[in-house]
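This report concerns only the one structure given below.
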Amino acid sequence: MDVAKSISEGLARNVISAKFNGTTVETTTPLTTDGSLILYTWNNDEGKKAFWHSTSHVMAQALEELYPGVKLTIGPAINNGFYYDVDFGEHSISEKDFPTIENKMLEIARGKHDYKMRAVTKADALAYYKNQNNEFKVELIENLEDGTITFCDHDTFTDLCRGGHIPNTGIIKAVKLLNVAGAYWRGDENKPQLTRIYGISFPKQKELKEYLELLEEAKKRDHRKLGKELELFTFSQKVGQGLPLWLPKGAALRERLEQFLKKAQQKAGYEQVVSPHIGQKELYVTSGHYAKYGADSFQPIHTPAEGEEFLLKPMNCPHHCEIYNSKPWSYKELPKRFAEFGTVYRYEQSGELHGLTRVRGFTQDDAHIFCTPEQLDEEFRNVIDLVLYVFGSLGFENFTAQVSLRDPENPDKYIGSDENWEKAETAIINAAKEKGLNYVVETGEAAFYGPKLDFMVKDALGRSWQLGTIQVDYNLPERFDLTYKGSDDKLHRPVMIHRAPFGSMERFVAILLEHTGGNFPIWLMPEQCIILSLSEKYEKYAENVLNLLENHEIRALVDNRSETMGKKIRDAETQKLPYMLIVGENEAKEQTVSVRKHGGEDLGTMTIEAFADLIKTEINSILKPFK
Ligand SMILES: [Zn+2]
Ligand SMILES: [Zn+2]
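Positions in the sequence shown are counted from 1; adding 47 to them yields this note's numbering.
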């Protein structure tokens, strides 16, 4: 805080957290050596983390005061807010209690209590919580080394804590508890069940209001809700959890996405392949996937034959390696680019499943490129071009990229030689630079078999989603003994690139739904327009219009129900139909349609050809051919 004050009063007012030589410190921590200091305000993620973590202490204090005898366990900051897991003992708690707790929290906050860290010995820390009969904190402390244990005090409250607080509680001006849920101690269902209370807090009342509005909008855009309303997909308990069933409209949507990508991939020199949904266990032992997915995933499938074991395919790559191995290759024939919309299966705990974003069976828009080391740079750049084309055609503008490199401190975590890793990492960074991507480098985030480039998009509500991925792999070619004959007539190892611009069809459709609220780009819409006849008399004309539009390859449908026009328009709005064509006496006579846009804009009366042109222009403005 003294450093901040020495820079400016304004900065000092806003600083809420800091890092010194890479370690989180309090704004009151005395700095006794030289080093690198970063000051954080509310506008930094680190600042928010400190803010929310500090608020969780205030909530804990409020809970202790309101419900004597509660046992606190852990209460971290999360992406949006914080939670605290609490053993309420004899008390029970519901959302009805939230206002009381919130008011208590604000009352404490207004006291402007400083957060003060202090070191305690292990013996003192254990004694403190044993005295409170809090077996949870005792267990936490037992796992800590003596000499590293700290408590945080504010007001009359004390908590076991590693640190990272705002200066005082007075900065917390608005709090909102969001949710109450069950949670097991240490996430283990054999351990006691606790109550988890989620909350969020802000330095200004206005920011809380804006956040709650955003949350409301997010609920409306929840892909599970929209998927149901738009009849895209469903789940069946009989079929099984995490296994989506695509309804006709959803399947047609997927088909359009697939055709769109296949067309671009064909131009980019990819070839389609097809592989089965299961493979011999040995295949995945060879690839290393068994070691990664085997134990915690679906168990092997046994056949009546002795010793025969198959696994559900967790990845397409091993199959594609064997496709590559089906014949010898010369360097002149590379790169080979094998693409497949391949369905894979991975076990996820039932508590982790979520709509289409976390499922147990999903289809990747997968492809594997096998190239010479000299071709790697160019291939990588080509893949980035394809990914950028996909995002552009779907209206994703706000995306960022993350380059994930290995952790040099932990070389044992990774397969492959240092030299190969360095080559691959350099290729990725060069390509990201050259394509002008807005990217960050994350050390230690690489997959076990190679470095990668991931794309994240921000949706309309500013939330970040992970989409496509491109990964370099020097490892599988070794494991599958892939070769090609070089110009020197000797055998060499190809390099492999895994890539999936959508990521998976399931996840992508979910993100697209939440990003667009169901108002997809028009080329993707299940139906591009609906013809609404004013009465029975114009049904025939409506059918004529439908036929004419079909000739123009426009997807349309007719609403001939004997409902009022108001009802028909409302239903078409719910179905997110981009255009409504209203036909009555005048339109039938003049061979025209009255055009109303989704959302209400009246485009007036026009001929069917003019309307067809309007749609085609709209499509061409976003969906350009891949070059
Ligand atoms: Zn703390
Ligand atoms: Zn792969």
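No residue lacks a Cβ here, since even glycine has one placed at the ideal position from N, Cα and C.
| Asked | Found |
| --- | --- |
| Does the pairing of the stretch 558-576 with the stretch 432-444 give three or more beta-carbon distances under 8 Å? | yes |
| Regarding Met-653 and ligand 2, is the C-beta to nearest heavy atom distance less than 7 Å? | no |
| What residue does the alpha helix (DSSP H) around Trp-99 start on, and which one ends it? | 92-113 |
| With 16 other CB atoms within 10 Å as the buried threshold, where does Lys-96 fall? | buried |
| Label Pro-455 either buried or exposed according to how many other C-beta atoms from any shown protein chain fall within 10 Å of its C-beta, with 16 as the threshold for buried. | exposed |
| Which whole-angstrom value is the C-beta distance of Leu-358 and Gly-326, which I expect to be below 8 Å? | 6 Å |
| Could you give the DSSP three-state label for Asp-412: helix, strand or coil? | strand |
| Which residues share a DSSP beta bridge with Gln-449? | Val-487, Asp-501 |
| Compare the Cα-Cα distances from Ala-172 to each of Glu-186, Pro-295, His-324, Pro-361 and report the closest residue. | Glu-186 |
| Please state the DSSP three-state secondary structure of Lys-309. | helix |
| Within 10 angstroms of the Cβ of Ser-582, are there 16 or more other Cβ atoms? Answer buried if so, exposed if not. | exposed |
| What are the boundary residues of the beta strand (DSSP E) that includes Cys-576? | 576-580 |
| For the putative contact between Arg-546 and Ile-517, defined by C-beta atoms under 8 Å, what is the C-beta separation to the nearest angstrom? | 4 Å |
| According to DSSP, is Leu-650 helix, strand or coil? | strand |
| Ordered along the chain, which non-local residues of its own chain (more than five positions away) have a Cβ less than 6 Å from that of Val-167? | Ile-196, Phe-198 |
| Report yes if the C-beta of His-415 is less than 7 Å from at least one heavy atom of ligand 2; otherwise report no. | yes |
| Could you check whether the Cβ of Leu-358 sits closer than 8 Å to any Cβ belonging to chain D? | The structure shown contains no chain D; it is built from a single protein chain. |
| Contact between the stretch 153-167 and the stretch 272-280 is defined here as three or more beta-carbon pairs at a separation below 8 Å; is this criterion met? | no |
| Please go through the same chain and pick out, in chain order, the residues whose beta-carbon is closer than 6 Å to the beta-carbon of Thr-654, but skip the five residues on each side of it. | Thr-639 |
| Pick helix, strand or coil for Arg-407, following the three-state DSSP scheme. | coil |
| Return the chain-ordered list of same chain residues with a C-beta closer than 7 Å to the C-beta of Arg-393, the five sequence neighbours on each side being excluded. | Tyr-340, Ser-344, Pro-361, Arg-407 |
| Just verifying my parser: in three-state terms, what is the DSSP assignment at Ala-352? | coil |
| Rounded to a whole number of angstroms, what is the C-alpha to C-alpha distance between Glu-355 and Leu-593? | 56 Å |
| Could you check if Cys-576 belongs to the surroundings of ligand 1, using beta carbon to heavy atom distance under 7 Å? | no |
| What are the boundary residues of the alpha helix (DSSP H) that His-545 is part of? | Careful: His-545 lies outside any alpha helix (DSSP H), inside the beta strand (DSSP E) at 542-547. |
| Can you list, in chain order, the residues of its chain with a C-beta nearer than 6 Å to that of Asp-134? Leave out the 5 residues immediately preceding and following it. | Lys-118, Leu-241 |
| Any heavy atom of ligand 1 closer than 7 Å to the beta-carbon of Asp-171? | no |
| Of all residues in the structure, which have a C-beta closer than 5 Å to any heavy atom of ligand 1, taken in chain order? | Cys-199, Cys-208 |
| Here's a check: name, in chain order, each residue in its chain whose Cβ is nearer than 7 Å to the Cβ of Ile-666, leaving out the five neighbours to either side. | Ile-569, Trp-570 |
| If you draw a straight line from the C-alpha of Cys-368 to the C-alpha of Ile-431, how long is it? | 22 Å |
| Is it right to say His-201 is buried, meaning 16 or more other beta carbons lie within 10 angstroms of its own, or is it exposed? | buried |
| Please state the DSSP three-state secondary structure of Arg-643. | strand |
| Would you mind giving the Cβ-Cβ distance between Thr-74 and Ser-64, rounded to the nearest angstrom? I have them listed as a contact below 8 Å. | 7 Å |
| Quick check on Ile-213: buried or exposed, where buried means 16 or more other Cβ atoms within 10 Å of its Cβ? | buried |
| When you compare only the Cα positions, how much space is there between Asp-235 and Lys-184? | 16 Å |
| Please classify Gly-211 as buried or exposed, where buried requires at least 16 other C-beta atoms within 10 Å of its C-beta. | buried |
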